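> Heads up: the protein sequence lines correspond to chains H and D, in order.
Mapped onto this note's numbering, the consecutive letters of the first sequence carry residue numbers 3 to 82.
Mapped onto this note's numbering, the consecutive letters of the second sequence carry residue numbers 4 to 215.
Even for Gly, the Cβ is constructed at its ideal location relative to N, Cα and C.
Remember, predicted model here, so these are calculated numbers, not experimental data.
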Amino acid sequence: MEVTIVNFDKELDARGLSCPLPILKTKKALNDLTTGQVLKVVATDPGSVKDMQAFSTQTGNPLLSSAEENKTFVFFMQKK
Amino acid sequence: MEMQSEKTAVLPVNADLDRAITERVDAILDQRLEAKLAALKAARVPSMTIIATKGTLDWAYPPFILASTAAALGWNVSMFFTFYGLELLKKDLSSLRVSPLGNPAMPMKMPFGPEWFKSIGWNIPNAVQSIIPGFEAFATTMMRQTIKNNGVADIAELRELSVEAGVNLIGCQMTVDLFGYKREDFVADVKEYVGAASFLPMARDADVSLFI
């Protein structure tokens, strides 16, 4: 799956970080955004794919896309 | 007597009506109750309480990982630190250690060198571990390096993120006294020092309660 969303308001580099840091940093980064703004998260933790989905479901911040490119995972999450 | 016979006479009609009303009311109530429960569930903020009782580097992880993640998910989290768990509240966490002695499940692998070397499991007998001076310090250094190599947060960072996310840190007053700790030893983020009687009501109301 390859999804590219060009417009985002903030980018979080979570490469090299393990559970639960990508989620904790995502939560923190979302705090700086306003409703409707989009956060791009780049991670290498394979567990982050399911975790970001669960985080989105639990918190209600829509996960606009989730894609893998060369063992790097790219997520776009919108602040609710 | 007269009244009773009158009642008996109209019973079939009433019974039909009663049954119809009961069925209808039940159906409406079930529907409304389900909708109401779903709304309540959606509006409810989940909560978790954790009792942290271990004070070693390895066992410091599960409580803080779960607490910080739950807080990130928007849950209310309280952690009760008792016995050796109080070590996790200290300002200086550099004294946290891990012991391979009597800890047979702990993988003993080197965090450096070529892959073939890193994959070796060093099966060192307890008797040998126990007589080598500084073995525990060595194992702790290796563990810290492995943690760093894998991009796993250190405990101080996880604790800080937990506090930032609103996790309540609670110390057990009894063990503070028992082990002769001073409150100045602990981070100022500790909300309160209480006993079991204060913690248990929080645990009773929590959706998830863990003893670690």
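Strictly by DSSP, which residues pair up with V179(D)?
In the second sequence, the residue the question calls residue 179(D) occupies position 176. In the DSSP output, where bridge partners are listed per residue, V179(D) has none listed.
> Would you tell me roughly how many angstroms separate the C-alpha atoms of M111(D) and A38(D), rounded to the nearest one?
Working through the second sequence from its first residue, we reach residue 111(D) at position 108. Working through the second sequence from its first residue, we reach residue 38(D) at position 35. Their Cα atoms are separated by approximately 54 Å.
> Would you be able to state if there are at least three C-beta pairs under 8 Å between the stretch 111-124 of chain D and the stretch 197-205 of chain D?
Flag = no, the stretch 197-205 of chain D and the stretch 111-124 of chain D do not touch.
> Report back the beta-carbon spacing between S20(H) and V155(D) to the nearest angstrom; my notes put them in contact at under 8 Å.
The count along the first sequence starts at 1 and reaches residue 20(H) at position 18. The count along the second sequence starts at 1 and reaches residue 155(D) at position 152. Indeed they touch by this definition, with Cβ atoms about 5 Å apart.
> Name the one or two DSSP bridge partners that V101(D) has.
Working through the second sequence from its first residue, we reach residue 101(D) at position 98. DSSP output for V101(D) lists no bridge partner at all.
> Straight-line CA distance for N79(D) to M109(D)?
Position 76 of the second sequence, counted from the first residue, corresponds to residue 79(D). Position 106 of the second sequence, counted from the first residue, corresponds to residue 109(D). One C-alpha to the other measures close to 32 Å.
> Buried or exposed: which applies to N9(H), given that a residue is buried once 16 or more other Cβ atoms fall within 10 Å of its Cβ?
Here residue 9(H) refers to the residue found at position 7 when the first sequence is read from its first residue. By the 10 Å Cβ count, N9(H) comes out exposed.
> If you compare alpha carbons, which of V211(D), A191(D), L172(D) is closest to T85(D)?
Within the second sequence, numbered from 1, the residue matching residue 85(D) stands at position 82. That would be L172(D), whose Cα lies nearest to the Cα of T85(D).
> Tell me which residues of the stretch 17-47 of chain H have at least one Cβ-Cβ distance to chain D shorter than 9 Å, keeping chain order.
Flagged, chain order: R17, G18, L19, S20, C21, P22, L23, I25, L26, K27, T28, K29, K30, T46, D47.
> May I ask which residues mark the beginning and end of the alpha helix (DSSP H) holding K30(H)?
As a first step, residue 30(H) must be located in the first sequence, where it is residue number 28. 23-33 is the span of the alpha helix (DSSP H), which, as asked, contains K30(H).
> Pop quiz: L89(D) and G58(D) are said to be a contact at Cβ under 8 Å. What is the actual Cβ separation, rounded to whole angstroms?
Mapped onto the second sequence, residue 89(D) falls at position 86. Mapped onto the second sequence, residue 58(D) falls at position 55. Between G58(D) and L89(D) the Cβ distance is about 7 Å, and since that is below 8 Å, they are a contact.
> Does the Cβ-Cβ distance between L41(H) and F78(H) come in under 9 Å?
Stepping through the first sequence from its first residue, residue 41(H) is reached at position 39. Stepping through the first sequence from its first residue, residue 78(H) is reached at position 76. It is a contact, given that the beta carbons lie within the stated cut-off.
> Quick check on the burial criterion: 16 or more other C-beta atoms within 10 angstroms. Buried or exposed for M4(D)?
Position 1 of the second sequence, counted from the first residue, corresponds to residue 4(D). Only weak support is given to the placement of M4(D): the predicted model assigns it a pLDDT of 47, under 50, and the value that follows is read from those uncertain coordinates. When all chains shown are included, M4(D) counts as exposed.
> Quick one: give me the first and last residue of the beta strand (DSSP E) that L41(H) is part of.
Walking along the first sequence from the start, residue 41(H) turns up at place 39. From DSSP, the beta strand (DSSP E) with L41(H) extends over 40-45.
> Can you name the residues of chain D whose CB is closer than 7 Å to the CB of T154(H)?
The shown model of chain H, from 3 to 82, leaves out residue 154(H), and the question about it has no answer.
> Roughly how many angstroms separate the alpha carbons of A191(D) and K151(D), rounded to a whole number?
Within the second sequence, the letter at position 188 stands for residue 191(D). Within the second sequence, the letter at position 148 stands for residue 151(D). A191(D) and K151(D): Cα-Cα distance of roughly 27 Å.
> CB-CB under 8 Å to K94(D), same chain, minus the five flanking residues each way: which ones, in chain order?
Here residue 94(D) refers to the residue found at position 91 when the second sequence is read from its first residue. Here the set comprises D188, F189, V190.
> Buried or exposed for T52(D), going by 16 or more other Cβ atoms inside 10 Å?
Walking along the second sequence from the start, residue 52(D) turns up at place 49. The residue in question, T52(D), is buried, as its Cβ has 16 or more Cβ neighbours within 10 Å.
> Using the Cα positions of L181(D) and E139(D), report the straight-line distance between them to the nearest angstrom.
The count along the second sequence starts at 1 and reaches residue 181(D) at position 178. The count along the second sequence starts at 1 and reaches residue 139(D) at position 136. For L181(D) and E139(D), the distance between alpha carbons rounds to 26 Å.
> Applying the criterion that 16 or more other CB atoms from any shown protein chain within 10 Å of the CB defines a buried residue, is P66(D) buried or exposed?
The residue labelled residue 66(D) in the question sits at position 63 within the second sequence. It is buried - the Cβ of P66(D) has at least 16 other Cβ atoms within 10 Å.
> Can you tell me whether DSSP reads A63(D) as helix, strand or coil?
Mapped onto the second sequence, residue 63(D) falls at position 60. Of the three classes helix, strand and coil, the one that applies to A63(D) here is coil, per DSSP.
> Would you mind giving the Cβ-Cβ distance between V43(H) and T74(H), rounded to the nearest angstrom? I have them listed as a contact below 8 Å.
If you number the first sequence from 1, residue 43(H) lands on position 41. If you number the first sequence from 1, residue 74(H) lands on position 72. Not a contact, Cβ separation roughly 11 Å.
> Inspect the beta-carbon positions of G77(D) and T61(H) and report whether they are closer than 9 Å.
One-based indexing of the second sequence puts residue 77(D) at position 74. One-based indexing of the first sequence puts residue 61(H) at position 59. The answer is yes: Cβ separation under 9 Å.
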